[in-house]
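As they're listed, the protein sequences go chains F and U.
So in our numbering, spot 84 of the first sequence is number 106, and the numbers just go up one at a time.
So in our numbering, spot 75 of the second sequence is number 100, and the numbers just go up one at a time.
Even glycine gets a Cβ: it sits at the ideal position worked out from N, Cα and C.
Down below is the structure, laid out as structure tokens.
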Amino acid sequence: DSGVTQTPKHLITATGQRVTLRCSPRSGDLSVYWYQQSLDQGLQFLIQYYNGEERAKGNILERFSAQQFPDLHSELNLSSLELGDSALYFCASGGAGWADTQYFGPGTRLTVL
Amino acid sequence: AQTVTQSQPEMSVQEAETVTLSCTYDTSESDYYLFWYKQPPSRQMILVIRQEAYKQQNATENRFSVNFQKAAKSFSLKISDSQLGDAAMYFCAYRGNYGQNFVFGPGTRLSVLP
Numbered sequence: 023d024s025g026v027t028q029t030p031k032h033l034i035t036a037t038g039q040r041v042t043l044r045c046s047p048r049s050g051d052l053s054v055y056w057y058q059q060s061l062d063q064g065l066q067f068l069i070q071y072y073n074g075e076e077r078a079k080g081n082i083l084e085r086f087s088a089q090q091f092p093d094l095h096s097e098l099n100l101s102s103l104e105l106g107d108s109a110l111y112f113c114a115s116g117g118a119g120w121a122d123t124q125y126f127g128p129g130t131r132l133t134v135l
Numbered sequence: 026a027q028t029v030t031q032s033q034p035e036m037s038v039q040e041a042e043t044v045t046l047s048c049t050y051d052t053s054e055s056d057y058y059l060f061w062y063k064q065p066p067s068r069q070m071i072l073v074i075r076q077e078a079y080k081q082q083n084a085t086e087n088r089f090s091v092n093f094q095k096a097a098k099s100f101s102l103k104i105s106d107s108q109l110g111d112a113a114m115y116f117c118a119y120r121g122n123y124g125q126n127f128v129f130g131p132g133t134r135l136s137v138l139p
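Structure, rendered in structure tokens:
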């Protein structure tokens, strides 16, 4: 158990819908990362927040947005969902450094029908 | 843009033997970090080892070690005394010094044969 929690574990929805994925970091960790893992595109870094501020951005679509709240939990919002958004979404937490160890959550499996 | 290549989609090793997983990357940056992550069937991502590019000494973590060749842009992972629990997908990853780019390779699926 990494100490990172993600809810829900599974999510099934329809195209065009909007969903919110939630992540609670390990106690003491100020950074939260979001990743997407799909069969055709592998593991992709989406975005990082540090202490409430966006710190680094990867291949995150404009239909996706994220935020980190004062209690350090984070939410990833996915809107206008397409079939290709079906994937495993990971959250990880870590420290302030670029190379700090990241502790991954168990992931949220999103299926778009 | 940075890219990470893992040329071996699948590999297998006999229990107690040694195996080396390959990784090459492309970057124009001089300072960066490299990582190997393990993803077992549970799908959890686990950091195996990391290397800072400015350090010449190869990183080692118990049975796991790397061969970092900066000029060749190569970062291979050696697993010694392979155990059944080492069976997993292994991802090589790159992160730039300013953290903007975090790129994963396509992964190598490692099987450990009893």
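Burial state of residue i (16 or more Cβ within 10 Å)
i              : result
D51 (chain F)  : buried
F91 (chain F)  : exposed
Y55 (chain F)  : buried
G116 (chain F) : buried
K63 (chain U)  : buried
Y79 (chain U)  : exposed
R85 (chain F)  : exposed
G119 (chain F) : exposed
G127 (chain F) : buried
Proximal chain U residues relative to residue i, where beta-carbon distance stays under 7 Å
i              : result
A121 (chain F) : Y58, R75, E77 and R120
G50 (chain F)  : Simply none; closest approach about 17 Å.
G129 (chain F) : R68
G80 (chain F)  : F127
Neighbouring residues, chain U, relative to residue i (Cβ below 8 Å)
i              : result
F126 (chain F) : Q69, M70 and I71
F112 (chain F) : M70
G74 (chain F)  : Under the 8 Å cutoff, chain U gives no residues; its nearest Cβ is about 17 Å from G74 (chain F).
G106 (chain F) : What G106 (chain F) touches in chain U: nothing, since even the nearest Cβ is about 18 Å away.
Under 9 Å by beta carbon: chain F residues contacting residue i
i              : result
G132 (chain U) : G64 and L65
F116 (chain U) : G64 and L65
DSSP bridge partner residues for residue i (one or two, in chain order)
i              : result
F86 (chain F)  : F:L100
L132 (chain F) : F:L33 and F:A109
V137 (chain U) : U:V38
S46 (chain F)  : F:T27
T30 (chain U)  : U:T49
R120 (chain U) : U:Y58 and U:F127
A78 (chain F)  : F:Q70
Q39 (chain F)  : DSSP lists no partner for Q39 (chain F).
Chain F contact residues for residue i, given Cβ-Cβ distances below 8 Å
i              : result
F129 (chain U) : G64, L65, Q66 and F67
Three-state secondary structure (DSSP) of residue i
i              : result
L61 (chain F)  : coil
L72 (chain U)  : strand
G132 (chain U) : coil
G110 (chain U) : helix
Q39 (chain U)  : strand
D93 (chain F)  : coil
S105 (chain U) : coil
Q64 (chain U)  : strand
Q82 (chain U)  : coil
Task: Segments of 3+ residues assigned as beta strand (DSSP E) that fall wholly inside the stretch 100-130 of chain F - done: 109-116
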